[in-house]
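So the structure is just underneath, and the comments pick up after that.
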Amino acid sequence: MPVSSTKRVYLDHAATSPLDPRVLAAMEPVLAGTFGNANSLHEEGRTAFRALEDARAATARALGTRAASEIVFTSGGTESDNAALEGIVDRARNERAGTHLHVIVSAIEHHAVLEAASHLAALGNEVTYLKPREDGFIHPDDLESTMRADTVLVSVMAANNETGCVQPIDELARIAHAHGARFHADCVQMLGKLPLALEASGVDAASFSGHKVGGPKGVGVLYLRRGTPFAPWMRGGGQESGRRSGTQNVPGIVGMASATTFACDRVVAEGKRLTTLRDRLLAGLLAVSPRVHPVSDPSQTGPLLSDGTSAAGCGVGGVGAHLPNIATIVVDGMESETMLLRLDMAGIAASGGSACSTGSLEPSHVLLAQGIARELAYGEVRFSLGSTTTGEDVDDVLAVFPAIIG
Ligand code: PLP
């Protein structure tokens, strides 16, 4: 059954992606030669500082903002999410001393947001978890009816890492602002998959991670729109204009900037290429058996309801788009772990839900929040495509899949 005795088909790009050789080439001279502390005054420090600020300017350009000062480098998506939630709420608490604060996060967020939100709740704030509808999308009307006078922050991810549903963040941010709240978007999965223009978008804060787009692990970006009230989450020497202390990881940051630039430069062409591959993969998987269902179908078959049937398309004002690279299914009567092990033995790397939840026997909180029945949610498999994915990879998966679920 293996695809071949040596070949591997890597379809887990939403968990992490291989380092782009061009990114490695950009990082190598910095790793080898630019050892100075970017905050030191001497020549070695100034050289590192120039590399750091060039990387900041390139990242800002790629993400669609003119102000490089809005880019804060962090250790990755998890830190950016934690810093955004805690930093914005902490500052609001200082400004409204003693008042009761309300935070809204979607129920389908990555654990980096969900755990930061539960920490905020433990500190005495009130958190509302906004559910998606059965189509997998957070609907603007639902946010509108959840907003309160004491809501200080709304956090909804730009695109979900399991279902690929692209949330209407501009509209959601507009609603948050109309009620005097700030808006944060986890854009980790959106980067390099669909065009992003931060300045034009309404978001006050956004999180990014390098390793999802051919960059190194352990480096990310927190975008903080100018004027966004923020208390530093990481305290110390006051680096990153006081917003994130700690000596900057200049080689990693150069890699982050280079990966972000490459990913954003080719986003439209790559999006089209991946859409074609994703559509063929998903259609092929669904054709294998009526036991295979999409969790949120990018074609028109629509979302899966808790009784296992599908509803009609999901086109409510800006709601309904999907990432081009994610094909997630649930297979009735199968367990995710069994299928993933069989796929791995066949030479194919995929995942069930998010990598961070691997090892947990609980079905995905994302699928459950969407109303997918627990028994079905146990059978989740996510194939996530990326820069190295080819048509042959899709053929290989489709060739072995009947045996995987047989
Ligand atoms: N947010 C989302 C949507 C993610 O998919 C991930 C990674 O899986 C993260 C945040 C965390 O990013 P990092 O691995 O850089 O900490």
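Going by the working numbering, the sequence shown runs without a break in its numbering and finishes at 411.
Where a beta carbon is used, it is the ideal one built from N, C-alpha and C, also for glycine.
CB of residue i within 8 Å of CB of residue j, strictly
i       : j       : result
Leu-381 : Asp-337 : yes
Arg-187 : Val-77  : no
Arg-347 : Ile-409 : yes
Ser-85  : Val-226 : yes
Arg-387 : Gly-357 : yes
Ala-354 : Leu-16  : yes
Ala-65  : Glu-75  : yes
Gly-219 : Ser-22  : yes
His-107 : Met-162 : no
Cys-269 : Gly-197 : yes
Asn-330 : His-105 : no
Thr-70  : Leu-282 : no
Val-399 : Arg-285 : yes
Unbroken alpha helix (DSSP H) run spanning residue i, endpoints
i       : result
Val-28  : 26-38
Ser-412 : Residue 412 is absent from the structure shown; the chain starts at 6 and stops at 411.
Glu-139 : Careful: Glu-139 lies outside any alpha helix (DSSP H) and carries neither H nor E.
Asp-398 : 396-410
Ala-264 : 255-270
Gly-225 : Gly-225 -> not in any alpha helix (DSSP H); beta strand (DSSP E) instead, spanning 225-229.
Residue environment, residue i, which counts as buried when at least 16 other CB atoms sit within 10 Å
i       : result
His-327 : buried
Asn-166 : buried
Arg-230 : buried
Thr-395 : exposed
Phe-235 : buried
Phe-142 : buried
Asp-146 : exposed
Val-159 : buried
Lys-217 : buried
Met-344 : buried
Phe-54  : buried
Host beta strand (DSSP E) of residue i (start-end)
i       : result
Val-415 : A question about residue 415 goes unanswered here, because the residues of the chain that appear run from 6 up to 411.
His-216 : Looking at the DSSP string, His-216 is not in any beta strand (DSSP E), and its letter there is neither H nor E.
Pro-299 : 297-299
Arg-387 : 385-389
Ala-190 : 187-191
Ala-332 : 331-336
Identity of the residue in the options nearest residue i by Cα
i       : options                               : result
Val-28  : Gly-352, Phe-267 and Leu-119          : Phe-267
Met-339 : Gln-244, Gly-376, Gly-384 and Val-300 : Gly-384
Ala-30  : Glu-245, Pro-221 and Ala-73           : Pro-221
Asp-59  : Gly-141, Gly-260, Pro-299 and Gly-241 : Gly-260
Ser-301 : Leu-287, Ala-292 and Pro-295          : Leu-287
Leu-128 : Glu-149, Val-94, Asp-398 and Thr-83   : Val-94
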